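Peer 1: Protein chains in written order, with the numbering used here: chain A, 1 to 227; chain B, 1 to 227.
Yeah, the Cβ is synthetic: ideal placement off N, Cα and C, and Gly gets one too.
Every value quoted in this text rests on a predicted model; they were computed, and no experiment measured them.
Number of protein chains: 2
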Amino acid sequence: MASNSKKAVVLLSGGLDSFTSAGYARAAGFELYGLTIDYGQRHQAELEAAAKIAQYLAIKEHKIIKLDLRAFGGSALTSDQEVPKDTETSDIPVTYVPARNTIMLSLALGWAEVLGSFDIFIGANSVDYSGYPDCRGEFIAAFESLANLATKAGVEGAGHFRIQAPLLNLTKAQIISSGLEMGLDYSISHSCYDPDELGRSCGHCDSCRIRLKGFADAGAVDPAIYQ
Amino acid sequence: MASNSKKAVVLLSGGLDSFTSAGYARAAGFELYGLTIDYGQRHQAELEAAAKIAQYLAIKEHKIIKLDLRAFGGSALTSDQEVPKDTETSDIPVTYVPARNTIMLSLALGWAEVLGSFDIFIGANSVDYSGYPDCRGEFIAAFESLANLATKAGVEGAGHFRIQAPLLNLTKAQIISSGLEMGLDYSISHSCYDPDELGRSCGHCDSCRIRLKGFADAGAVDPAIYQ
């Protein structure tokens, strides 16, 4: 268990998973530094949720870094492709953003090195996001190895970087149950890929459906506002 | 040797190394896609040089992505720390930017995946930049492994990502000689960490000194303009 003096960089998307992941970091006694990447999402609701979560968790410092991944295209989340509704697929979904977790962890690593932090928390989950290659344990392990080769702090032995993915093998229901046990207020998190102009969730995109099923399976009520 | 139909993403900083690295990619028959990261450098001369190099190499598409690493601090190149002049050191220099190559390769990987490209060229060099952990062969190899775990294209086996660092084990003189053999016009590249307002190089920072010594060792004249 970490002492109170240790810093952790926590990636915050504004969604339920990264909120819960940051909750684990807080519960472990870390001083939290929140990093949100504004990668040209189609809506601002996620960024607003990330800011609320940072405040709620009393994060020491919250940085929102602009990085326009729309310049590359290739995903329904960063381009004009339509977000799929009410579909089942075992393929990698069109909402996959190329190299997203690699990019986000790289940025977190850069900031961690400046802060003198060696712990990076990410809400990656391999159960409900089995289609995303960068949500798997072997990806997380490979990034951790890379981090210790890539940095002055890692190479000089000032510490050993750890990529902490506490939700990796949990179901959505388990994630939600653990967050509720920690007392997290999920009403401030945002999951929907396609909210309306009032920020209300659609209830039909992959992300909403996984969230709703998770709350149902956990025997809890989703406090998000739906259209 | 690659066929003419293959695409490569080439990282272009505007400096001599990435110019030469892109020259290797062109010589190998790749169709070039140039990527420049505007990470909040203290001067714009590098970005202008990158644009000139992209035009000179007849690059198919050149993207400049803004990413303000100054938000993190931690380097003389992205903060108000003074750039050292005329100093010798075996330590990692203050001009080291935390996780820079990891971040740049991650972005290149994201674009490569969208393009259907599997080759990424970076001008990393372990001889003259022995102090930078992310300029070593083991870092490059670790990133290549990561790339093939991190992406839909890598995991689904559409191809195998290769991180190509053709300059990795060359001295600066060898880099310059090979570029001159390829006919590269080095007058359009920019190396100085601390140019004056006219864009003229200082001749005294680490980067200028390594460049000047490289041209001298190669028995060639540096076409850059010095103060």
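According to DSSP, is Q164(A) helix, strand or coil?
Peer 2: As a working mapping, residue 164(A) is identified with position 164 in the first sequence. Looking at Q164(A) - three-state DSSP - the assignment turns out to be strand.
Peer 1: Since L146(A) and L184(B) are thought to touch, with beta carbons under 8 Å apart, how far apart are those beta carbons, to the nearest angstrom?
Peer 2: Against the first sequence, residue 146(A) aligns to sequence position 146. Against the second sequence, residue 184(B) aligns to sequence position 184. Between L184(B) and L146(A) the Cβ distance is about 31 Å, and since that is not below 8 Å, they are no contact.
Peer 1: Provide the residue span of the alpha helix (DSSP H) that contains T102(A), from first to last.
Peer 2: Your numbering for residue 102(A) matches position 102 in the first sequence. R100 to L115 is the span of the alpha helix (DSSP H), which, as asked, contains T102(A).
Peer 1: Please list, in chain order, all residues of the same chain as G203(B) whose beta carbon is under 6 Å from its beta carbon, the five residues on each side excluded.
Peer 2: Residue numbering aside, residue 203(B) sits at position 203 when the second sequence is read from its first letter. So the qualifying residues of the chain are Y226.
Peer 1: Could you give the distance in angstroms between the alpha-carbon of K66(B) and the alpha-carbon of G214(A)?
Peer 2: As a first step, residue 66(B) is located in the second sequence; it is residue number 66 there, counting from the start. As a first step, residue 214(A) is located in the first sequence; it is residue number 214 there, counting from the start. Rounded to whole angstroms, K66(B) to G214(A) spans 37 Å at the Cα level.
Peer 1: Along chain B, which residues have their Cβ under 8 Å away from the Cβ of I65(A)?
Peer 2: In the first sequence, residue 65(A) corresponds to position 65, counting from 1. Those within 8 Å of I65(A) in chain B are L67, D68 and A71.
Peer 1: Is the beta carbon of L35(B) closer than 8 Å to that of G14(B)?
Peer 2: On the second sequence, residue 14(B) is found 14 positions in, with the first residue counted as 1. On the second sequence, residue 35(B) is found 35 positions in, with the first residue counted as 1. Against a cut-off of 8 Å, the Cβ pair of L35(B) and G14(B) comes out as no contact.
Peer 1: What distance in whole Å lies between the Cβ atoms of V114(A) and F72(B), which are believed to be in contact at a cut-off of 8 Å?
Peer 2: As a position in the second sequence, residue 72(B) is number 72, starting the count at 1. As a position in the first sequence, residue 114(A) is number 114, starting the count at 1. Right, their Cβ atoms sit about 5 Å apart.
Peer 1: Between A27(A) and chain B, is the shortest Cβ-Cβ distance under 8 Å, so that the two count as touching?
Peer 2: Numbered from 1 along the first sequence, position 27 holds the residue referred to as residue 27(A). Taking Cβ atoms only, chain B never reaches closer than 8 Å to A27(A), which makes this a no.
Peer 1: For S207(B), which residues in chain A fall below 7 Å Cβ to Cβ?
Peer 2: Walking along the second sequence from the start, residue 207(B) turns up at place 207. In chain order: nothing, as chain A lies at least about 18 Å away.
Peer 1: By the DSSP assignment, the beta strand (DSSP E) with T36(B) in it spans what residues?
Peer 2: Working through the second sequence from its first residue, we reach residue 36(B) at position 36. Looking at the DSSP string, the run of the beta strand (DSSP E) that includes T36(B) is E31 to D38.
Peer 1: Give me the chain B residues within the contact set of D119(A), using Cβ-Cβ distance strictly less than 9 Å, ordered along the chain.
Peer 2: The count along the first sequence starts at 1 and reaches residue 119(A) at position 119. Going along chain B, no residue has its Cβ under 9 Å from D119(A), so there is no contact; the nearest lies around 15 Å.
Peer 1: Check whether chain A comes within 8 Å of F161(B), counting only Cβ atoms and requiring the distance to be less than that.
Peer 2: The count along the second sequence starts at 1 and reaches residue 161(B) at position 161. Not one chain A Cβ lies under 8 Å of F161(B).
Peer 1: Give the DSSP bridge partners of D119(A), in chain order.
Peer 2: For this step, residue 119(A) is matched to residue 119 along the first sequence. Paired residues: A8(A) and R162(A).
Peer 1: Please name the residue in P166(A), H62(A) and R136(A) whose C-alpha comes closest to that of S21(A).
Peer 2: As a position in the first sequence, residue 21(A) is number 21, starting the count at 1. The residue with the shortest Cα to Cα distance from S21(A) is P166(A).
Peer 1: Would you mind reading off the limits of the alpha helix (DSSP H) that contains K213(A)?
Peer 2: As a working note, residue 213(A) is residue 213 in the first sequence. It spans D206 to D217 - the alpha helix (DSSP H) in which K213(A) sits, taken as one unbroken run.
Peer 1: Do you know whose CA, among A216(A), S187(A) and M182(A), lies nearest A49(A)'s CA?
Peer 2: Working through the first sequence from its first residue, we reach residue 49(A) at position 49. Nearest option by C-alpha distance: S187(A).
Peer 1: Is it the case that the segment 161-177 of chain A contacts the segment 117-133 of chain A, given that we only count it when at least three CB pairs across the two stretches are under 8 Å?
Peer 2: At 8 Å Cβ cutoff, the stretches touch.
Peer 1: So what does DSSP say about S145(B), is it helix, strand or coil?
Peer 2: Residue numbering aside, residue 145(B) sits at position 145 when the second sequence is read from its first letter. If DSSP states are grouped into helix, strand and coil, S145(B) belongs with the helices.
Peer 1: Given a cut-off of 8 Å on the beta-carbon distance, is the pair A173(B) and D217(B) in contact?
Peer 2: Reading the second sequence from its first residue, position 173 is the one you call residue 173(B). Reading the second sequence from its first residue, position 217 is the one you call residue 217(B). For A173(B) and D217(B), yes; Cβs fall inside 8 Å.
Peer 1: Determine the closest residue to I37(A) out of A27(A), Y24(A), R70(A) and G29(A), with distance taken between C-alpha atoms.
Peer 2: Residue mapping note: residue 37(A) aligns to position 37 of the first sequence, counting from 1. Taking only the C-alpha atoms, the option nearest I37(A) is R70(A).
Peer 1: If you measure beta-carbon to beta-carbon, which residues of the segment 137-153 of chain B are closer than 7 Å to chain A?
Peer 2: The segment 137-153 of chain B vs chain A, Cβ under 7 Å: E138, F139, A142, F143, S145, L146, L149, A150, T151 and K152.
Peer 1: Considering only residues of the same chain and omitting the five flanking positions on each side of I175(A), which have a CB-CB separation below 8 Å?
Peer 2: The residue you call residue 175(A) lines up with position 175 of the first sequence. Closer than 8 Å at the Cβ level, and outside the excluded window around I175(A), lie L16, D17, T20, N125, L167 and G214.
Peer 1: Taking a contact to mean a Cβ-Cβ separation below 8 Å, would you say G131(A) touches I103(B) in this structure?
Peer 2: To locate residue 131(A), count along the first sequence from 1; it is residue 131. To locate residue 103(B), count along the second sequence from 1; it is residue 103. Contact: no.
Peer 1: Along the beta strand (DSSP E) that carries I65(A), what are the first and last residues, could you check?
Peer 2: Counted from its first residue, the first sequence places residue 65(A) at position 65. Looking at the DSSP string, the run of the beta strand (DSSP E) that includes I65(A) is E61 to K66.
Peer 1: Would I64(A) pass as a contact of Y33(A) if the rule is Cβ separation under 8 Å?
Peer 2: Taking the first residue of the first sequence as position 1, residue 64(A) is located at position 64. Taking the first residue of the first sequence as position 1, residue 33(A) is located at position 33. No, they are not a contact pair.
Peer 1: Can you give the Cα-Cα distance for G179(B) and P195(B), rounded to whole angstroms?
Peer 2: Your numbering for residue 179(B) matches position 179 in the second sequence. Your numbering for residue 195(B) matches position 195 in the second sequence. In a straight line, the C-alpha of G179(B) is about 23 Å away from that of P195(B).
Peer 1: Which residues in chain A sit within 8 Å of E61(B), going by Cβ to Cβ distance?
Peer 2: What you label residue 61(B) is simply residue 61 of the second sequence in a count that begins at 1. Within 8 Å Cβ-Cβ: nothing; E61(B) doesn't reach chain A, min ~10 Å.
Peer 1: Based on the DSSP output, what are the partners of S201(A) in its beta bridges?
Peer 2: As a working note, residue 201(A) is residue 201 in the first sequence. DSSP lists Y226(A) as partners of S201(A).
Peer 1: For D134(B), return the contacting residues in chain A, with the cut-off set at a CB-CB distance below 7 Å.
Peer 2: As a first step, residue 134(B) is located in the second sequence; it is residue number 134 there, counting from the start. Neighbours of D134(B) on chain A, chain order: A150.
Peer 1: In the structure shown, what three-state DSSP assignment does Q44(A) receive?
Peer 2: Counted from its first residue, the first sequence places residue 44(A) at position 44. Coil at Q44(A), not helix or strand.
Peer 1: Let me know the secondary structure DSSP gives A22(A) once reduced to three states.
Peer 2: Stepping through the first sequence from its first residue, residue 22(A) is reached at position 22. Helix at A22(A).
Peer 1: Does S106(B) get closer than 8 Å to chain A when you measure Cβ to Cβ?
Peer 2: For the purposes of this step, residue 106(B) is taken as the residue at position 106 of the second sequence. Closer than 8 Å to some Cβ of chain A, the Cβ of S106(B) qualifies, so yes.
Peer 1: Identify the contact partners of E228(A) in chain B, using a Cβ-Cβ distance below 9 Å as the criterion.
Peer 2: As displayed, chain A neither begins before 1 nor continues past 227, which places residue 228(A) out of reach and without an answer.
Peer 1: Flag T36(B) as yes if its beta-carbon sits less than 8 Å from any beta-carbon of chain A, otherwise no.
Peer 2: Residue numbering aside, residue 36(B) sits at position 36 when the second sequence is read from its first letter. Judged by the 8 Å Cβ criterion, T36(B) is not in contact with chain A.
Peer 1: What did DSSP end up calling Y193(B) once you bin it into helix, strand or coil?
Peer 2: For the purposes of this step, residue 193(B) is taken as the residue at position 193 of the second sequence. The answer is coil: DSSP assigns Y193(B) none of H, G, I, E or B.
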